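**Q** The sequence shown begins at 74 in my numbering and counts up by one.
Note that beta-carbon positions come from the ideal geometry of N, C-alpha and C, so glycine has one too.
Since this is a predicted model, take the numbers as computed values, not measurements.
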Amino acid sequence: MSTSAETRDEPVARVGVFLQVGELVGALRVSPVGKKLAALIAAIVVVVALTAYGQIELNSWNKPFYDAISRRDFKEFMVQVGVFAMIAGALLVLNVAQRWLSETLQMRLREAVVSDLVGLWLQPRRAFWLQASGPMGAHPDQRMHEDTLKLCDLSVNLGVGLLQATMLFGSFASVLWVLSKDFTIFFNGEDHVLPGFMLWAAIAYAVAGSLLAYWVGNGLISRNAERYAREGELRFSLTRINEHLDGISLAGGEADEKRRVAAHFADVLQATSRVVLGLTNLTWATAGFGWITVIAPTLVAAPLYFSGKVSFGGLMMAAAAFTQAQSSLRWFVDNFSIIADWRATLLRVTDLRRKLASDLEAQSGGSRIAYEESDDGTLALEEIEVRSWSGHDRLDVPALVVQPGQCVLILGTPGTEKTLLFRALAGLWPWGSGTLRRPAGETIHFMPRGTPYIPRGTLAEVLSYAMEPTTYPREAMVAALESVGLQRLESLLDRTARWESELSMDEQLRLGFARVVLQAPPWLVMDEAFGAFDDDTLELVIGALGKLAHTGIIHIGSAGGAHDRLFTQVVHLVKAPHDLPEEPRP
């Protein structure tokens, strides 16, 4: 099985990295932890600067230490050992402080990024629109969990490394310049002055390595992005199997699911093999420069020693300074594969954030249903038509006005999209025409087709969702359970469990109605809510709803035995006489 077309459309880098970083930094600045992030970054800058100073002192220590060795001066040798102990001790403290600050910054950075994304994602109806927006909405959970974790870790590690490299180069560049400011090369019978020869050699060496690494490893960015997309498909496939084990086992579908997982895993392996090939090619450049670096500092500093301009200790100090300077400059070479990985995760996270921050609803064209607030406390559907793939559906009355406490049944004729009408009333499917007037400031409880959403938590939290459990007294919860025949659950109100696994489908459906009875919302809109009940359970549910005297009810679908007992008005959803002019975008 090949990977779906949608996942093949995974976005590639469309905007510059600086724009992406700027957007993310802008979000972090207004984050509740923005000041903590700024303080941690400032502290890291100070620690890195002190570390660079300590390394300069350590480099300067090389000259007297190795000169003492060359003179066989044991006393001076021991003095320099003591100096080394003090410098190394200070650097150790700074290293520990830097590690703590870096790890803390990673944690706080992830807190800020995840909070920002989740806040955008869980704005009213935003997650639904994202899901319907195409490939970007396929696996937002992976982007908000795994990608943000990797992005924050890599950002801090790379950022601190780049800061260290910059400060070290600035410090050791001056050392190299001073050591080789009078360097001359004998050519064509005369000496030619090459001031700062060692500095220019370090720069040329690092630039050559960086250009080669970029040329060899540039494709790793897109390859990593593709690999993460394939990993998301595999993860989603495994999660879906785990959520539907009963249906798969009853249908004997294990072999088919195994085939699907194998196909997704093959896509992962194929994408990973391309990353492996890219990393292998990059290693030719990075490892090659690494081996040359073993001798390059001594080779570059050797002319100073053999010309008599520096002592043996001076040679070791110059070689160490060259090593520090060129290693700072070749930071890009050493970290290119990590930078490519960081770039891929940055792309995925910022693309998701940009999508969430945009007007998702406005991105789909077509005529829209107008949503307004009513001043008279009624729920009114005026000339409502819902656009679907099969045409336009409308009510057989020009205007339907539902009064508080009134119960209305909407029966759908064959071929009509009843669920789309339900979503239109909830504001999730605005494609169509007409005006929907909803009571200002009043809660509308929507009960979709199938089992209700049951959050992870105590049974009291399930009943009171999306309100606080303390909003309702325990006696009211017990009464709500009894009203739909779930007395056996009364003792479990304070127990935390995965209730969708412990309760039967019938009990989950009844639990949804117990939630309605407890919360007694001013308005209740249902989509085919009665079809799964037997006669006895239906009687219980109808009796419980009948006691909600102040709740206006709209039920879309068949009513079973509730037709005469519950509903005071019946209208029909029918096909509109005209053809479909345009197809809905989601």
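The beta strand (DSSP E) that contains Phe519, what's its start and end?
**A** Residue numbering aside, residue 519 sits at position 446 when the sequence shown is read from its first letter. Phe519 -> beta strand (DSSP E) spans 517 to 520.
**Q** Please confirm whether Leu554 and Leu565 have their CB atoms less than 7 Å apart.
**A** Here residue 554 corresponds to residue number 481 of the sequence shown, with the count starting at 1. Here residue 565 corresponds to residue number 492 of the sequence shown, with the count starting at 1. No; because the gap between Cβ atoms is not below 7 Å, this pair is not in contact.
**Q** So, using beta-carbon positions, are Leu494 and Val470 closer together than 7 Å?
**A** Counting from 1 along the sequence shown, the entry for residue 494 is found at position 421. Counting from 1 along the sequence shown, the entry for residue 470 is found at position 397. Cβ distance not < 7 Å, so Leu494 and Val470 don't count as in contact.
**Q** Quick one: grab the DSSP three-state call for Ser75.
**A** As a first step, residue 75 is located in the sequence shown; it is residue number 2 there, counting from the start. Bear in mind that the predicted position of Ser75 carries a pLDDT of just 38, short of 50, making it too unreliable to give a figure here.
**Q** Measure the C-alpha to C-alpha separation of Leu352 and Met599 and round it to an integer number of angstroms.
**A** The residue labelled residue 352 in the question sits at position 279 within the sequence shown. The residue labelled residue 599 in the question sits at position 526 within the sequence shown. Answer to the nearest angstrom: the Cα atoms are 55 Å apart.
**Q** Tell me the rounded alpha-carbon separation between Ile142 and Trp134.
**A** By one-based count along the sequence shown, residue 142 stands at place 69. By one-based count along the sequence shown, residue 134 stands at place 61. So the two alpha carbons sit approximately 13 Å from each other.
**Q** From Gln581, Glu327, Thr641, pick the residue whose C-alpha is nearest to that of Leu311; which is it?
**A** The sequence position of residue 311 within the sequence shown is 238, counting from 1. The residue with the shortest Cα to Cα distance from Leu311 is Glu327.
**Q** Verify whether the separation of the beta carbon atoms of Thr423 and Gln93 is less than 7 Å.
**A** Stepping through the sequence shown from its first residue, residue 423 is reached at position 350. Stepping through the sequence shown from its first residue, residue 93 is reached at position 20. Yes, the Cβ-Cβ distance between Thr423 and Gln93 is below 7 Å.
**Q** Counting Cβ pairs closer than 8 Å, one from the region 516 to 536 and one from the region 582 to 595, do we hit at least three?
**A** yes
**Q** Assign His317 to one of three DSSP states: helix, strand, or coil.
**A** Position 244 of the sequence shown, counted from the first residue, corresponds to residue 317. His317 falls in the coil class under three-state DSSP.
**Q** Does the Cβ of Arg467 have 16 or more other Cβ atoms within 10 Å, making it buried, or fewer, making it exposed?
**A** Residue numbering aside, residue 467 sits at position 394 when the sequence shown is read from its first letter. By the neighbour-count rule (16 or more Cβ atoms within 10 Å), Arg467 is buried.
**Q** Out of Tyr526, Ser104, Gly488, state which residue places its alpha-carbon closest to the alpha-carbon of Ala649.
**A** As a working note, residue 649 is residue 576 in the sequence shown. Ala649 has its Cα closest to that of Gly488, out of Tyr526, Ser104, Gly488.
**Q** Is it true that the CB of Gly507 sits closer than 7 Å to the CB of Glu455?
**A** By 1-based counting over the sequence shown, the position of residue 455 is 382. By 1-based counting over the sequence shown, the position of residue 507 is 434. For Glu455 and Gly507, yes; Cβs fall inside 7 Å.
**Q** Run the CB neighbour count on Gly89, radius 10 Å, all protein chains shown included, and call it buried at 16 or more, exposed below.
**A** Looking up residue 89 in the sequence shown gives position 16. Under this definition Gly89 is an exposed residue.
**Q** How long is the line joining the alpha carbons of Phe259 and Leu235, rounded to whole angstroms?
**A** Position 186 of the sequence shown, counted from the start, is the residue given in the question as residue 259. Position 162 of the sequence shown, counted from the start, is the residue given in the question as residue 235. Its pLDDT being 49, under 50, Phe259 is placed unreliably in this model, and the coordinates cannot settle the point.
**Q** Between Glu38 and Gly630, which are expected to be in contact by the criterion C-beta below 8 Å, what is the C-beta distance as a whole number of angstroms?
**A** Past the edges of the chain, shown from 74 to 659, lies residue 38, and the structure says nothing about it.
**Q** What first and last residue would you give for the beta strand (DSSP E) that runs through Asp466?
**A** Here residue 466 corresponds to residue number 393 of the sequence shown, with the count starting at 1. First-last of the beta strand (DSSP E) with Asp466: 464 to 468.
**Q** Please say whether Gly450 and Pro512 have beta carbons closer to each other than 7 Å?
**A** Position 439 of the sequence shown, counting from 1, holds the residue named residue 512. Position 377 of the sequence shown, counting from 1, holds the residue named residue 450. In contact: Pro512 and Gly450 (Cβ atoms closer than 7 Å).
**Q** Kindly give me the distance between the Cβ atoms of Ile160 and Ser244, rounded to whole angstroms, as I take these residues to be in contact under 8 Å.
**A** Position 87 of the sequence shown, counting from 1, holds the residue named residue 160. Position 171 of the sequence shown, counting from 1, holds the residue named residue 244. In this structure Ile160 is not in contact with Ser244, their Cβ atoms being roughly 14 Å apart against a cut-off of 8 Å.
**Q** If you drop the 5 nearest sequence neighbours on each side, which residues of the same chain put their C-beta closer than 8 Å to that of Thr641?
**A** Along the sequence shown, one-based indexing puts residue 641 at 568. So the list reads Gln479, Cys480, Val481, once near-sequence residues are dropped.
**Q** Between which two residues does the alpha helix (DSSP H) harbouring Met180 extend?
**A** Taking the sequence shown and counting its residues from 1, the one referred to as residue 180 is at position 107. Run containing Met180: 147 to 194, per the alpha helix (DSSP H) assignment.
**Q** Could you check how far apart the C-beta atoms of Phe603 and Leu597 are, in whole angstroms? I think they sit under 8 Å.
**A** Locating residue 603 in the sequence shown gives position 530, counting from the first residue. Locating residue 597 in the sequence shown gives position 524, counting from the first residue. Wrong, their Cβ atoms sit about 13 Å apart, outside the cutoff.
**Q** Hey, how far is the Cα of Ser537 from the Cα of Ala552?
**A** Residue mapping note: residue 537 aligns to position 464 of the sequence shown, counting from 1. Residue mapping note: residue 552 aligns to position 479 of the sequence shown, counting from 1. Going by the C-alpha atoms only, they are around 13 Å apart.
**Q** Starting from the N-terminal side, write out each stretch of the alpha helix (DSSP H) that is 4 residues or longer and does not extend beyond the region 447 to 509.
**A** 491 to 499
**Q** Looking at Arg172 and Cys225, is the spacing between their C-beta atoms short of 7 Å?
**A** Here residue 225 is taken as the residue at index 152 of the sequence shown, counted from 1. Here residue 172 is taken as the residue at index 99 of the sequence shown, counted from 1. Not a contact, by the Cβ cut-off of 7 Å.
**Q** Bridge partners for Arg441 per DSSP, in chain order?
**A** The count along the sequence shown starts at 1 and reaches residue 441 at position 368. For Arg441, which the question treats as bridged, DSSP gives the partners Trp504.
**Q** Compute the Euclidean distance between the alpha carbons of Ala163 and Arg308, then round it to the nearest angstrom.
**A** Here residue 163 refers to the residue found at position 90 of the sequence shown. Here residue 308 refers to the residue found at position 235 of the sequence shown. One C-alpha to the other measures close to 47 Å.
**Q** For the candidate residues Pro137, Ser247, Ile627, Ala277, whose alpha-carbon lies nearest to that of Arg496?
**A** Taking the first residue of the sequence shown as position 1, residue 496 is located at position 423. Closest by alpha carbon: Ile627.
**Q** Would you report the Cα separation of Leu639 and Ile615, rounded to the nearest angstrom?
**A** In the sequence shown, counting from the first residue as 1, residue 639 sits at position 566. In the sequence shown, counting from the first residue as 1, residue 615 sits at position 542. Each residue's Cα considered, the two are about 7 Å apart.
**Q** What's the C-alpha gap between Ala185 and Asp407?
**A** Counting from one through the sequence shown, the residue named residue 185 turns up at place 112. Counting from one through the sequence shown, the residue named residue 407 turns up at place 334. Each residue's alpha carbon lies about 29 Å from the other.
**Q** For Gly530, which residues does DSSP report across the bridge?
**A** Position 457 of the sequence shown, counted from the start, is the residue given in the question as residue 530. Partner(s): Ala570.
**Q** Residues in its own chain within less than 8 Å of Val535 by CB, not counting five upstream and five downstream?
**A** Start at 1 with the first residue of the sequence shown, and residue 535 comes out as number 462. Excluding five sequence positions before and after Val535, the CB atoms of its chain that fall closer than 8 Å to its own CB belong to Ile527, Pro528, Trp572, Leu584, Arg588, given in chain order.
**Q** Less than 7 Å between the C-beta atoms of Arg313 and Ala344, yes or no?
**A** Taking the sequence shown and counting its residues from 1, one reaches residue 313 at position 240. Taking the sequence shown and counting its residues from 1, one reaches residue 344 at position 271. No.
**Q** I'd like the list of long-range same chain contacts for Asp189, defined as Cβ closer than 8 Å, with 5 residues on each side in sequence excluded.
**A** To locate residue 189, count along the sequence shown from 1; it is residue 116. Ala100, Leu101, Ser104, Arg426.
**Q** In this structure, does DSSP put Leu227 in helix, strand or coil?
**A** As a position in the sequence shown, residue 227 is number 154, starting the count at 1. The answer is helix: DSSP assigns Leu227 an H, G or I state.
**Q** By the three-class DSSP mapping on this structure, what secondary structure does Met240 have?
**A** Sequence index remark: in the sequence shown, residue 240 carries index 167 (1-based). DSSP places Met240 in helix when its eight states are reduced to three.
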